[in-house]
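In our numbering, the protein residues as written are 2 to 455. Backbone N, C-alpha and C fix where the C-beta goes; we use that ideal spot for every residue, glycine too.
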């Protein structure tokens, strides 16, 4: 018990320091949810009153299309299940969700099922006792053979399956305004030099090259991860995580230096660190056509098409380009195969019912609905169902990638992720050098490794 509480306190403190993680969210309420009753039921369950046949489900589905997809899956379960259970959805905006989840765990009031981003934070939830293995249920289910192998791998920890990936194949890539590119004689870049020529042309014509709202910090991290991977591949990151290398490797320093070079050149919006992704301030720059490109997760296909199908017709996408002189494989991508993963904090009949609800997220009916909404469900053969040209390009890029590196802030231990995000925001603000930021990140990694060794 003492060991578990120490982990919970450490996890809670880390989360309170940095509550952002990569995903999309918003501020609308899901029609099938009741946040107050959901939280009350969660507290009741943890206090020992588990007579209710309600399953509380926390997630970040506050805005279309996410909330619509989740509502369809939950409504399907609630109307068809013979378990006797009913699922109540409790959505929370992305940038406060992780903090809320960990605070609930540290108070012993974790919901029955909750979505997360897998990686390091999910492992700590499991180690703290708030995630149950689902091997038997998973192996007996049709989704075992339906899901992409890479998605199942991200849902696995210590050789056990702990989560159901359900939402999206998400890659970091660049959305751009086709009409704007055509107007200025621009084409999709093959190299970083090509991309910088595009930036210069847009800037010279009074257009901000990149729409970026970095108040959330993880949005800026996508630039850093993409640059680091193109400069050095994935080996420097993998070695640094294993304690065999350092986050001060040349590829990380170069990535930070390139970001500051772009800041000084005016390639990002003014006040970039004060703009909010959750409030839609990055996409608004695209809609106003005051910015020409947006580097973010490929869930933006659904965001753009849901907001305005007319504007979406102006949009195309390309993967982050290669860097001249680098030996790194430019087909390596940054992202996740699943985007959201449902983890379970219940047992027995309730766990079986909660898993049944998770299965509904991967039913043919819901998958077809997701595709219609611009999502790319992490299931095998999905490219055969996709007709949208942008989504098809993204899934083809994912299929051809030899490796897909999970977002740093999801893969890394929370304390190290916090140091990365905080330091990088200072780099964007020109208040810290890339070397200083990476020294801070490495110090956090050293602390983590020393604690782990104990």
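So is residue i buried or exposed if we call it buried at 16+ other beta carbons inside 10 Å?
{"i": "residue 444", "result": "exposed"}
{"i": "residue 243", "result": "exposed"}
{"i": "residue 168", "result": "buried"}
{"i": "residue 241", "result": "buried"}
{"i": "residue 371", "result": "buried"}
{"i": "residue 98", "result": "buried"}
{"i": "residue 63", "result": "buried"}
{"i": "residue 320", "result": "buried"}
{"i": "residue 178", "result": "buried"}
{"i": "residue 435", "result": "buried"}
{"i": "residue 306", "result": "buried"}
{"i": "residue 399", "result": "buried"}
{"i": "residue 451", "result": "exposed"}
{"i": "residue 381", "result": "exposed"}
{"i": "residue 201", "result": "exposed"}
{"i": "residue 291", "result": "exposed"}
{"i": "residue 416", "result": "buried"}
{"i": "residue 271", "result": "exposed"}
{"i": "residue 207", "result": "exposed"}
{"i": "residue 102", "result": "buried"}
{"i": "residue 298", "result": "buried"}
{"i": "residue 209", "result": "buried"}
{"i": "residue 93", "result": "buried"}
Between which residues of its own chain and residue i is the CB-CB distance below 6 angstroms, once the five residues before and five after are set aside?
{"i": "residue 374", "result": "66, 303"}
{"i": "residue 156", "result": "162, 164, 166, 342"}
{"i": "residue 368", "result": "378"}
{"i": "residue 225", "result": "256, 425"}
{"i": "residue 287", "result": "212, 295"}
{"i": "residue 176", "result": "295, 301, 316, 318"}
Taking 7 angstroms as the limit between beta carbons, can you name the residues of its chain near residue i, skipping five residues before and five after?
{"i": "residue 355", "result": "56, 113, 114, 345, 347"}
{"i": "residue 267", "result": "204"}
{"i": "residue 215", "result": "221, 273, 274, 276, 426, 429"}
{"i": "residue 78", "result": "88, 357, 358, 361"}
{"i": "residue 230", "result": "329, 333, 335, 406"}
{"i": "residue 131", "result": "106, 111, 346"}
{"i": "residue 412", "result": "120, 121"}
So, using beta-carbon positions, are residue i and residue j closer together than 8 angstroms?
{"i": "residue 95", "j": "residue 279", "result": "yes"}
{"i": "residue 203", "j": "residue 333", "result": "no"}
{"i": "residue 422", "j": "residue 118", "result": "no"}
{"i": "residue 84", "j": "residue 357", "result": "yes"}
{"i": "residue 133", "j": "residue 363", "result": "no"}
{"i": "residue 232", "j": "residue 327", "result": "yes"}
{"i": "residue 121", "j": "residue 418", "result": "yes"}
{"i": "residue 191", "j": "residue 228", "result": "no"}
{"i": "residue 293", "j": "residue 123", "result": "no"}
{"i": "residue 70", "j": "residue 58", "result": "no"}
{"i": "residue 446", "j": "residue 253", "result": "no"}
{"i": "residue 145", "j": "residue 139", "result": "yes"}
{"i": "residue 396", "j": "residue 384", "result": "yes"}
{"i": "residue 158", "j": "residue 127", "result": "yes"}
For residue i, collect the residues of the same chain with a Cβ closer than 8 angstroms to its Cβ; drop the 5 residues on either side in sequence, then sort them by chain order.
{"i": "residue 82", "result": "354, 357, 358"}
{"i": "residue 449", "result": "414, 416, 417"}
- Would you mind listing the alpha helix (DSSP H) stretches within the region 290-342 that are 4+ residues and don't spill past its ends, in chain order? Fully enclosed alpha helix (DSSP H) runs of 4 or longer: 301-308, 310-313.
- Segments of 4+ residues assigned as alpha helix (DSSP H) that fall wholly inside the region 371-451: You should have 390-401, 409-412, 415-429.
- Task: Specify whether the region 167-176 and the region 331-340 touch according to this definition: at least 3 beta carbon pairs, one from each stretch, less than 8 angstroms apart.
- Result: Yes: at least three Cβ pairs fall under 8 angstroms.
- Any chance you could list the alpha helix (DSSP H) runs of at least 4 consecutive residues sitting entirely within the region 112-170, in chain order? Listed in chain order, the complete alpha helix (DSSP H) runs (minimum 4 residues) inside the region 112-170 are 120-128, 136-140, 144-147, 150-155.
- Query: Taking contact to mean at least 3 C-beta pairs separated by less than 8 angstroms, is the region 433-452 in contact with the region 400-408?
  - Reply: No, because fewer than three Cβ pairs between the region 433-452 and the region 400-408 fall closer than 8 angstroms, the two stretches do not touch.
- Query: Do the region 388-400 and the region 180-198 make contact, defined as three or more Cβ pairs closer than 8 angstroms?
  - Reply: Counting Cβ pairs under 8 angstroms, fewer than three are found: no touch.
- Between the region 390-399 and the region 292-310, do at least 3 Cβ pairs fall closer than 8 angstroms? Touching, yes.
- Taking only runs of the beta strand (DSSP E) that begin and end inside the region 190-216, which ones reach a length of at least 3 residues, in chain order? Within the region 190-216, the complete beta strand (DSSP E) segments at least 3 residues long are 209-211, listed from N- to C-terminus.
- Message: As an exercise, report each continuous alpha helix (DSSP H) stretch of at least 4 residues that is fully enclosed by the region 204-273, in chain order.
- Response: Fully enclosed alpha helix (DSSP H) runs of 4 or longer: 219-233, 236-243, 251-265.
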